[in-house]
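All residue numbers for the sequence shown refer to the working numbering, where the first residue is 1 and numbers rise by one. We put the beta carbon where it would ideally sit given N, CA and C, even for glycine. Keep in mind that this is a model prediction, so the values were computed, not measured.
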Amino acid sequence: MSRKYVVVLLTALALTACSDSPTPSNGSPVASVSSEAGLYRGLQLQTPLARPVFTLTDDAGATYDFATATAGKPTFLFFGYTSCPDICPTTMADVAVAVRDLPAEIAAEVQVVFVTTDPAEDTGPVLTEFLDHFDTDLPNGFVGLTGTQEQVDAAQRAARVTVAMDMGRTHSAQLQLYGPDDLARVIYVGGSSPDDMVHDLPLIMQG
Numbered sequence: 001m002s003r004k005y006v007v008v009l010l011t012a013l014a015l016t017a018c019s020d021s022p023t024p025s026n027g028s029p030v031a032s033v034s035s036e037a038g039l040y041r042g043l044q045l046q047t048p049l050a051r052p053v054f055t056l057t058d059d060a061g062a063t064y065d066f067a068t069a070t071a072g073k074p075t076f077l078f079f080g081y082t083s084c085p086d087i088c089p090t091t092m093a094d095v096a097v098a099v100r101d102l103p104a105e106i107a108a109e110v111q112v113v114f115v116t117t118d119p120a121e122d123t124g125p126v127l128t129e130f131l132d133h134f135d136t137d138l139p140n141g142f143v144g145l146t147g148t149q150e151q152v153d154a155a156q157r158a159a160r161v162t163v164a165m166d167m168g169r170t171h172s173a174q175l176q177l178y179g180p181d182d183l184a185r186v187i188y189v190g191g192s193s194p195d196d197m198v199h200d201l202p203l204i205m206q207g
């Protein structure tokens, strides 16, 4: 069978409405994934995504240069908001379970970054309280990032995800995993499990 590729349409595959807001119909494709089973259990990208460059403010109030702070480290990146009733806490919980199940030497390297899509509500203390539900016993605490709406929107564009709408309530459901080579070869959307991440991370570490 010849190798086929399908375009990831964020409105269909990697967008979620965490409220009653309708899913927008004007999303644009940003990545292509293999339609056949491959090396990873997550969605394998046809063309890897480079680790994005953006600067926001972390939940402790410090300036956080994402590309510099996470360079060379396996890094999960997700955009959402703390009052989301479903996909955001579920995604963070799944990542936390995966990190706990990893070999200790890999878990110690993993970084998890949560960027709010609702900076008006998600202040530093709000982000900290939210992330503390998931990361208290992990080697590295999850990092929450916020900023001005313009900065947050720019970060989403840099990461090649659709910019959130409806005051951040309708946002990308795409969890990106960057490797030590600063490339994302795999992403996770609905239906992915912690076991999938545990399977993929050692492979990601190998480059």
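Asked, Found
"Apply the 10 Å Cβ neighbour rule to G61 and answer buried if 16 or more other Cβ atoms are within range, or exposed otherwise.", "exposed"
"Here's a check: name, in chain order, each residue in its chain whose Cβ is nearer than 6 Å to the Cβ of L138, leaving out the five neighbours to either side.", "V99"
"In angstroms with no decimal places, state the Cα-to-Cα distance between K73 and G179.", "6 Å"
"When you compare the CB positions of V53 and A158, do they come within less than 8 Å of one another, or not?", "yes"
"If you follow the alpha helix (DSSP H) that V113 is in, where does it begin and where does it stop?", "Counting along the chain, V113 falls outside any alpha helix (DSSP H), though it belongs to the beta strand (DSSP E) covering 111-116."
"So, is P125 buried or exposed, given that buried needs 16 or more other C-beta atoms within 10 angstroms?", "exposed"
"With H, G and I counted as helix, E and B as strand and the rest as coil, what does DSSP make of G124?", "helix"
"Going straight from the alpha carbon of E109 to that of L43, what length do you get?", "22 Å"
"Alpha carbon to alpha carbon, how far is G80 from M92?", "10 Å"
"Take G144 and list the residues in its own chain whose beta-carbon comes closer than 6 Å to its own, dropping the five residues that flank it on each side.", "D59, F114, L127, L131"
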